[in-house]
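Please read the structure below before turning to the comments.
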Amino acid sequence: MDTLSLRPKATRREFLQVATASLALLGLSQALSSRVVEAIESTSGKPAVIWLEGQDCAGCTESFLNSLEPTAASILLDTISLRYHETAMAASGYHTEEVMGKTIAEGGYLLVIEGSIPLAEDGMYCTVAGKKFKDIVRECAANAAAIIPVGACATFGGIPAAGPTDAVGYLYRGTKLHHEYDDVTGDKPVINLPTCPLHPERLVAVIVHYLTFGTIPELDDFQRPLAFYGESQHDNCERRGQFEAGHFVTDWGDPSQNGYCLYLKGCKGTWTKQDCWKRLWNDRTNYCISANAPCVGCSEPEFYERFSPLYERQFDITLPGIGKVDIDKVMATVAAIAAAGIGLDTIISKVKGEEDS
């Protein structure tokens, strides 16, 4: 029996709405919506889901539960059997551990992981119900059908990775693979859904895709769905024209700079891949750039440690025939650089890669 109180059953119209929306999110034809609805209805109450929380702030859980799109949230809660979720479940104590144990024994569930996994001191920095979190992850991953790390922490280590706990994501320690769970992962699909926090639409779409087709969407080299992480923030930024014109925010208090490019204030959009510019947050109201805050690159494996301080520029650029220069001194030439056909964002990314190597 589920440990969560579910909302009233969704109507067929609501099923169709979330089916169509999920297909659109993944770039699939809306002609398949009836197939999605059929798959969701035929798997009522399933698949089972175990949602773990490790070294985190519960921000991904908050983002999911506070979604302002009740149709998507209602479908997800009414369609899956969310067996275990420390923050959301009503039960507590040994009752919840019993439910999780039975779910693991049954196998075939989706495992959602939120929060990083600390490995220092043999995992003693994070324990739940007397168990080390790293061991709980291992136990749950062994019989899972698919594993979905959500948020920057569970995917690449996130903010905790900058601390003393040797925090890692399920597959990655920053940009590098680690092999802590190779034996229990095997050939199971692992779908990374970074950003800080998780955008609930991405999780809904991945689960609906899995329910409908029994497969996962196409992934990039860091196991992220290309439908959500295949395009550059910089290429789609509403301030791209200001970047190429050499108009940069240098003084937050100067109203004449309103709407200027935020690169000099630490924007990581030049090498960040996500669709926040299209997906938007807060019921599709806005996102970081629209709110006059630089992109912090929270979808990337370098976040947080490599990208901090978040509101300071870390990288200079290299110009052909000149070498590395301070962009603060060449702002006025950016328009000429763009006119010459030199991709400044590509140059910046190249310098970043050289510094990382």
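Taking this note's numbering, the leading residue of the sequence shown gets 1023, the next gets one more, and so forth.
Idealized CB from N, CA, C, for every residue including glycine.
With contact defined as three or more Cβ pairs closer than 8 Å, the region 1141-1159 and the region 1291-1309 are not in contact. Note on geometry: alpha-carbon atoms of Ser1278 and Thr1272 lie some 11 Å from one another. By the criterion of a C-beta distance shorter than 7 Å, Gln1296 is surrounded in its chain by Thr1217, Phe1250, Tyr1251, Gln1255 and Ser1321, once the five residues flanking it on both sides are discounted.
Look at Ile1158 here: in three-state DSSP terms it is helix.
For Ser1089, no beta strand (DSSP E) segment is defined, and its DSSP state is neither H nor E. If the five residues before and after Gly1319 are omitted, its C-beta is found closer than 6 Å to the C-beta atoms of Lys1290, Thr1294, Phe1325 and Phe1329, all from its own chain and listed in chain order.
At the C-beta level, Glu1136 and Gly1173 come within 8 Å of one another.
Here the alpha carbons of Arg1105 and Asp1078 stand approximately 20 Å from one another. Contact between Pro1140 and Ala1176 is absent: CB atoms are separated by about 12 Å, not below the 8 Å threshold. Closest by C-alpha distance to Pro1182, out of Asp1305, Ala1070, Ile1072 and Ala1080, is Ala1080.
Contact check for Ile1238 and Cys1162: beta-carbon distance about 18 Å, past the 8 Å limit, so the pair fails to qualify.
In this structure, Glu1223 is the residue among Glu1108, Glu1223 and Asp1157 with its C-alpha nearest to the C-alpha of Asp1305. Closest by C-alpha distance to Leu1241, out of Glu1327, Trp1274 and Asn1214, is Asn1214.
Going by DSSP, Tyr1116 is part of no beta strand (DSSP E) but of the alpha helix (DSSP H) stretching over Tyr1116 to Glu1128. When secondary structure is reduced to three states using DSSP, Tyr1106 falls in the strand class. The shortest CA-to-CA distance from Ile1102 to any of Val1230, Tyr1192 and Ala1127 is the one to Val1230. Per DSSP, Trp1299 lies in no beta strand (DSSP E); the unbroken alpha helix (DSSP H) holding it starts and ends at Cys1298 to Arg1301. Comparing alpha carbon positions, the residue from Pro1247, Leu1286, Arg1246 and Leu1248 closest to Phe1265 is Leu1286. With respect to Ile1170, Leu1132 sits close: the two C-beta atoms are nearer than 8 Å. Per DSSP, Val1271 lies in no alpha helix (DSSP H) and is assigned neither H nor E.
A direct Cα-Cα distance of roughly 7 Å separates Tyr1333 from Pro1316.
In terms of Cβ geometry, Ala1164 and Gly1130 do not form a close pair [threshold 8 Å]. Excluding residues up to 5 positions away in sequence, Pro1140 and Thr1187 lie with their Cβ nearer than 6 Å to the Cβ of Tyr1147 in the same chain.
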